[in-house]
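Engineer: Residue numbers (this note's numbering): 262 to 642.
Note that the Cβ used here is the ideal one computed from N, Cα and C, for glycine as well.
Mind having a look at this structure? Questions to follow.
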């Protein structure tokens with residue numbers, strides 16, 4: 262009788278331990294989720310991987326190695342003993358910087374006070390324009406700010422880009438690696454913020470700009486898929502990895518896709534850390550200023566055709582500036598890839614800044630899509 266009681270006590274302790282461990286794991290997985298649906302989504306994503314890690318005895322490791330990597334190094338005692346070094350190398354190989362595209366306004370840009378704006382959201386407005394070509398590569402109206410060590414030749418830049426619209430559909434994919442990036446509506450607007458200048462409300466984040474772009478492309482006869490997934494919510498870390506996985510699935514299912522636009526927004530501050538918005542006065546009102554970010558192989562990751570994306574960006578920017586001289590800020594050429602190795606028609610589009618109103622951003626998105634559609638379909642112009 263005493264032995265049975267002792268066995269029952271042991272089983273109860275094991276059950277309590279498992280329950281506590283499960284509760285702790287759920288708490289870790291759902292940390293940062295501020296709604297029930299967000300927590301449920303995080304659990305759905307984590308559960309299969311968690312089960313596999315439990316089977317491998319690797320549930321609580323925090324070094325970032327995938328289950329496949331854990332399984333592989335487990336076959337080698339030498340690699341297992343050097344797990345810390347392996348994890349460090351794995352991290353370097355997979356790293357895609359999450360914040361490099363958030364670049365302050367280039368020092369050569371001069372803030373100019375715009376005229377009175379028709380709908381003021383209370384954020385100070387500036388128009389940023391390059392006034393000195395030193396430090397830039399200049400081609401026509403296009404100013405390029407490069408982070409690369411190697412010099413860039415104008416001859417290579419001015420060659421025509423190779424991406425073409427296929428006869429098959431869809432032709433363009435619009436998505437948002439940082440989809441919760443938001444704008445500042447007029448005072449008194451009720452917005453549920455998920456972070457600093459971030460919201461899951463599509464009325465006030467960059468997804469709304471993507472909606473506008475998709476509509477304009479469609480009106481121009483260009484077939485578009487618009488992925489409205491928030492890859493940066495509930496977890497901001499790893500957003501580029503998640504969006505790349507989706508890009509690869511889209512390309513596998515729809516090999517006709519030639520152009521991929523990853524639509525973001527910038528964040529611009531003055532010397533005191535105060536937000537301000539970048540605007541361009543156009544016939545339709547005040548539009549948010551935009552910038553194109555082009556990735557390269559400067560980080561060491563494979564991206565052999567990055568110059569094709571740069572040529573496309575330069576062609577689109579040249580066209581826009583011929584119609585709207587202050588709508589585009591200098592084009593940014595960076596070392597990171599930003600998933601642009603997926604196609605030779607990939608661009609990262611920064612539409613306005615956190616201080617811009619949603620309406621300013623939407624107008625900018627419309628003007629950008631109209632001009633890019635003209636570049637892609639010159640025969641219809």
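Which residue marks the beginning of the beta strand (DSSP E) containing residue 613, and which one marks its end?
Structural biologist: Counting from 1 along the chain shown, the entry for residue 613 is found at position 352. Residues 607–614.
Engineer: Out of 538, 571 and 540, which one is the CA nearest neighbour of residue 553?
Structural biologist: Walking along the chain shown from the start, residue 553 turns up at place 292. Minimum Cα distance to residue 553 is reached at 571.
Engineer: What would DSSP say about residue 340, mapped onto helix, strand or coil?
Structural biologist: Here residue 340 refers to the residue found at position 79 of the chain shown. Unreliable placement is indicated for residue 340, whose pLDDT of 48 sits below 50; the coordinate value is still reported in the next sentence. Helix.
Engineer: Mind checking residue 445: buried by the 16 CB within 10 Å criterion, or exposed?
Structural biologist: Sequence index remark: in the chain shown, residue 445 carries index 184 (1-based). Its Cβ being crowded by 16 or more others within 10 Å, residue 445 is buried.
Engineer: Sorted by chain position, which residues of the same chain lie with C-beta nearer than 7 Å to residue 531's C-beta, five sequence neighbours on each side aside?
Structural biologist: As a working mapping, residue 531 is identified with position 270 in the chain shown. Only 537 meet the Cβ criterion.
Engineer: Pairs of beta-carbons, one from the stretch 427–439 and one from the stretch 513–532, closer than 8 Å: are there three or more?
Structural biologist: Touching, yes.
Engineer: As an exercise, report each continuous beta strand (DSSP E) stretch of at least 3 residues that is fully enclosed by the stretch 541–589, in chain order.
Structural biologist: Fully enclosed beta strand (DSSP E) runs of 3 or longer: 546–549 and 551–555.
Engineer: Between 496, 640 and 606, which has its C-alpha nearest residue 423's C-alpha?
Structural biologist: Locating residue 423 in the chain shown gives position 162, where the first residue counts as 1. The residue with the shortest Cα to Cα distance from residue 423 is 606.
Engineer: Measuring alpha carbon to alpha carbon, tell me which residue in 275, 635, 639 and 270 is nearest residue 478.
Structural biologist: Here residue 478 corresponds to residue number 217 of the chain shown, with the count starting at 1. Cα-wise, what sits closest to residue 478 is 635.
Engineer: Return the first residue and the last residue of the beta strand (DSSP E) that residue 456 is part of.
Structural biologist: Your numbering for residue 456 matches position 195 in the chain shown. 454–456 is the extent of the beta strand (DSSP E) around residue 456.
Engineer: Just verifying my parser: in three-state terms, what is the DSSP assignment at residue 539?
Structural biologist: For the purposes of this step, residue 539 is taken as the residue at position 278 of the chain shown. Of the three classes helix, strand and coil, the one that applies to residue 539 here is strand, per DSSP.
Engineer: For residue 521, which option in 511, 551 and 452 has the closest C-alpha, if you only look at C-alpha atoms?
Structural biologist: In the chain shown, the residue the question calls residue 521 occupies position 260. Closest by alpha carbon: 511.
Engineer: Going by other Cβ atoms of all chains shown within 10 Å of its Cβ, with 16 needed for buried, is residue 626 buried or exposed?
Structural biologist: The residue given as residue 626 occupies position 365 in the chain shown. Buried is the call here.
Engineer: Considering only C-alpha positions, which residue in the set 438, 549, 539 and 451 is nearest to residue 503?
Structural biologist: On the chain shown, residue 503 is found 242 positions in, with the first residue counted as 1. For the residues 438, 549, 539 and 451, the minimum Cα distance to residue 503 belongs to 438.
Engineer: Inspect the beta-carbon positions of residue 440 and residue 492 and report whether they are closer than 8 Å.
Structural biologist: Start at 1 with the first residue of the chain shown, and residue 440 comes out as number 179. Start at 1 with the first residue of the chain shown, and residue 492 comes out as number 231. Result yes, Cβ atoms of residue 440 and residue 492 sit closer than 8 Å.
Engineer: Relative to the C-alpha of residue 447, which candidate in 629, 381 and 601 has its C-alpha closest?
Structural biologist: The residue you call residue 447 lines up with position 186 of the chain shown. Ranking 629, 381 and 601 by Cα distance to residue 447 puts 381 first.
Engineer: Taking the alpha helix (DSSP H) that residue 254 belongs to, which residues open and close that run?
Structural biologist: Residue 254 is absent from the model: the chain starts at 262 and stops at 642.
Engineer: Restricting to Cα atoms, I'd like to know which of 619, 622 and 592 is closest to residue 608.
Structural biologist: Looking up residue 608 in the chain shown gives position 347. The shortest C-alpha separation from residue 608 is found at 592.
Engineer: Can you tell which of 442, 550 and 573 has its C-alpha closest to the C-alpha of residue 386?
Structural biologist: Locating residue 386 in the chain shown gives position 125, where the first residue counts as 1. Nearest of 442, 550 and 573 to residue 386, Cα basis: 550.
Engineer: Taking the straight line between their C-alpha atoms, what separation do you get for residue 490 and residue 408?
Structural biologist: Working through the chain shown from its first residue, we reach residue 490 at position 229. Working through the chain shown from its first residue, we reach residue 408 at position 147. For residue 490 and residue 408, the distance between alpha carbons rounds to 30 Å.
Engineer: With H, G and I counted as helix, E and B as strand and the rest as coil, what does DSSP make of residue 426?
Structural biologist: The count along the chain shown starts at 1 and reaches residue 426 at position 165. Of the three classes helix, strand and coil, the one that applies to residue 426 here is coil, per DSSP.
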